[in-house]
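Residues 32 to 192 in the working numbering are what the sequence shown lists, from first letter to last.
The C-beta atom is built at its ideal place from N, Cα and C for all residues, glycine as well.
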Amino acid sequence: MARIILLELGDEEIYFDFGTYGIMMFYAKQINSQKGKKLFDSLLSEYSYRVMYDLPLGNITYHNYLAHFVVSEIQEVINFLNDDVIISLNNENLNLLDQYGGVHSFIDMYYLDAGYLENLGLTSDEHFNGSISFLIQQFENLISFYEYALLSNETYTSRID
């Protein structure tokens, strides 16, 4: 069964097929690894963030889905997506999955340069969409969601279903 990553805040929600999420994170990482890492971190629950970086959990448990929400980093991520990722995607002319050689080649290439993305555990069972227009729309939706979170000044939830 294919997984999704789901972000929710009040009545607002956004989700990504896990394979497509992997393509998005990999692409962003190729543009700027440090900013891509902040994007990746912003999509983690606080629990997952602390486990991944070996930080004390305090009383945060696995079932606490509140996201790792750092206002300054969210704003930096929005700028990165607007100023770098979407502009770069607009200059692409071939479906990213095709550019990467298909699902199996992408997964192989992904794990050769995964770094902090290795924790996703991508498999060929996921749903992948590498369409440029679809990815741009997904990043724009994410920007809108982050802007809503910043305006609301509330932490959203992040979970994998």
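Near Phe-71, what residues of its chain come up, given a Cβ to Cβ distance below 7 Å and the 5 sequence neighbours on each side ignored?
Taking the sequence shown and counting its residues from 1, the one referred to as residue 71 is at position 40. Taken in chain order, the residues that qualify are Met-56, Tyr-147, Leu-148.
Where Gly-161 and Asn-122 are concerned, what is the direct C-alpha to C-alpha distance, given to the nearest angstrom?
Taking the sequence shown and counting its residues from 1, the one referred to as residue 161 is at position 130. Taking the sequence shown and counting its residues from 1, the one referred to as residue 122 is at position 91. C-alpha separation (whole angstroms): 14 Å.
Give the straight-line distance between the Cα atoms of Asn-63 and Asn-113, rounded to the nearest whole angstrom.
Looking up residue 63 in the sequence shown gives position 32. Looking up residue 113 in the sequence shown gives position 82. In a straight line, the C-alpha of Asn-63 is about 13 Å away from that of Asn-113.
Ile-174, enclosing alpha helix (DSSP H) - first and last residue
In the sequence shown, the residue the question calls residue 174 occupies position 143. Ile-174 -> alpha helix (DSSP H) spans 163 to 183.
Which of helix, strand or coil does DSSP assign to Arg-81?
Here residue 81 corresponds to residue number 50 of the sequence shown, with the count starting at 1. DSSP places Arg-81 in helix when its eight states are reduced to three.
Beta-carbon contacts of Phe-176 that lie in its chain and below 7 Å, excluding the five residues immediately before and after:
Position 145 of the sequence shown, counting from 1, holds the residue named residue 176. So the qualifying residues of the chain are Leu-38, Glu-43, Ile-45.
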